[in-house]
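Engineer: To start, I am sharing the structure in question, which I have written as structure tokens.
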Amino acid sequence: MLENLLKGKRGIITGALNSSSIAWKVAEKAHAAGATFTLSNAPIALRMGEIKSLAEQTNSEIIPADATNMDEIAALYQKSMDFLGGKIDFVLHSIGMSMNVRKNISYDSLNYDFWAKTLDISAMSLHKMLAVAKKLDAISEWGSVVTLSYIAAQRSYPFYNDMAEAKAMLESIVRSFGYHFAREKKIRINSISQSPTKTTAGSGIKGFSEFYEFADANSPLGNASADSCADFCLALFSDLTRMVTMQNLYHDGGYSTTGVSYEVMQKFLGQ
Ligand SMILES: NC(=O)c1ccc[n+]([C@@H]2O[C@H](COP(=O)([O-])OP(=O)(O)OC[C@H]3O[C@@H](n4cnc5c(N)ncnc54)[C@H](O)[C@@H]3O)[C@@H](O)[C@H]2O)c1
């Protein structure tokens, strides 16, 4: 049954940079589940070329688009509909970037030009992708849009820097646009709040490896992998979750509702 979970569905998958990317795993699994889709990333990321092997493996077309540019997003939808032969049933928004994080600038001395760019790339790009889709009527009824978030939208994580505001805004867009799209087009929009995951974006954060170990120890099921995140994305793209919308769904092995685990306590008890 799972092989046919997305049979006949057409999608757009953004953000596959290399084989560690969450979007890469989503593409592999969506292909195995019978979906057809296009792959998109910022032109500069595509220059690295790794995505070509994924496109070959999944019989998909690569369409460059900077997710902050409305014209490039419009071309992405148009070309995707031409290539796939109809409206889009699912969209994965798997995009994030902060120059403040990259340059290791601390939260109390953020560069505001960088911050504006962080919000544009990591949050407003979702709004732009939804607004363009609405204008072009590019997403089918009961279609599903999924984006990826992090718990720093709700709680303070000193190393997460200006990405915390970006994720808070992203989750707000999920609710706000989710309302309009549900009323008018029966389209679902949800965010998955994912465990720390060893990808290019994740590993760029200062102290990531140590925090990864902490989160793993403080999650009753351990950290959720990119692979299991991809499974969850497929469930949300599928018809099995038709009434789920406007939600921020934790996919974190129980981390978000754990105060402290025995494993973490033991480190302080000297055991
Ligand atoms: N890795 C983690 O620990 C973690 C945890 C929770 C949420 N997330 C989120 O998951 C999503 C995917 O990240 P990932 O961890 O797979 O890392 P990744 O680095 O593989 O993916 C990030 C992608 O964003 C793309 N991107 C950046 N600027 C862009 C632009 N202007 N236009 C289009 N694409 C652009 C990059 O090229 C890259 O492919 C991000 O939103 C990230 O914040 C990651």
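Mapping the sequence shown onto this note's numbering, position 203 (from 1) lands on 200, and the numbers just tick up by one.
Cβ atoms here follow ideal geometry from the backbone N, Cα and C, with glycine treated the same way.
In this text, all values refer to a predicted model and were calculated from it rather than measured experimentally.
Under three-state DSSP, which class holds T196?
Structural biologist: coil
Engineer: Applying the criterion that 16 or more other CB atoms from any shown protein chain within 10 Å of the CB defines a buried residue, is D68 buried or exposed?
Structural biologist: exposed
Engineer: For the beta strand (DSSP E) containing E58, list its first residue and its last residue.
Structural biologist: 58 to 61
Engineer: Does the beta-carbon of Q244, which I'm using as the reference point, lie nearer than 7 Å to any heavy atom of ligand 1?
Structural biologist: no
Engineer: By the three-class DSSP mapping on this structure, what secondary structure does D249 have?
Structural biologist: coil
Engineer: Tell me whether I170 sits in a helix, a strand or coil according to DSSP, three-state version.
Structural biologist: Note: I170 maps to helix in three-state DSSP.
Engineer: What do you reckon, is the C-beta of Q151 under 7 Å from a heavy atom of ligand 1?
Structural biologist: no
Engineer: What is the DSSP secondary structure of T255, counted as helix, strand or coil?
Structural biologist: coil
Engineer: Could you please give me the residues that DSSP links to R185 through a beta bridge?
Structural biologist: S141
Engineer: Could you tell me whether the segment 203 to 210 touches the segment 17 to 35, where touching means 3 or more Cβ pairs closer than 8 Å?
Structural biologist: Judged by Cβ distances under 8 Å, the segment 203 to 210 makes no contact with the segment 17 to 35, as fewer than three pairs qualify.
Engineer: Verify the contact flag: T115, CB atom, against every heavy atom of ligand 1, threshold strictly below 7 Å.
Structural biologist: Every heavy atom of ligand 1 is 7 Å or more from the Cβ of T115, so no.
Engineer: Got a sec: does ligand 1 put a non-hydrogen atom nearer than 7 Å to the Cβ of A13?
Structural biologist: yes
Engineer: In angstroms with no decimal places, state the Cα-to-Cα distance between G12 and H90.
Structural biologist: 7 Å
Engineer: For ligand 1, any of its heavy atoms closer than 7 Å to the Cβ of D159?
Structural biologist: Not so, every heavy atom of ligand 1 lies at least 7 Å from the Cβ.
Engineer: Classify R44 as helix, strand or coil using the three-state DSSP reduction.
Structural biologist: R44 falls in the coil class under three-state DSSP.
Engineer: Start and end of the beta strand (DSSP E) containing T115?
Structural biologist: No beta strand (DSSP E) holds T115; the alpha helix (DSSP H) holding it covers 109 to 116.
Engineer: Are W139 and R239 close, meaning C-beta to C-beta below 8 Å?
Structural biologist: Yes, these two residues count as a Cβ contact at 8 Å.
Engineer: Take Q191 and list the residues in its own chain whose beta-carbon comes closer than 6 Å to its own, dropping the five residues that flank it on each side.
Structural biologist: Short of 6 Å from the beta carbon of Q191, and not among the five residues preceding or following it, lie these beta carbons of its own chain, in chain order: L145, C226, H248.
Engineer: Figure out for me which residue from L(-1), I59, Q244 has the closest Cα to the Cα of L14.
Structural biologist: I59
Engineer: Contact check, S77 vs G93 under 8 Å by CB: the rounded distance?
Structural biologist: Going by Cβ atoms, the distance from S77 to G93 rounds to 21 Å, so no, they are not a contact pair.
Engineer: N38 bridges to which residues according to DSSP?
Structural biologist: DSSP output for N38 lists P61 as bridge partner(s).
Engineer: Between which two residues does the alpha helix (DSSP H) containing D68 stretch?
Structural biologist: 67 to 81
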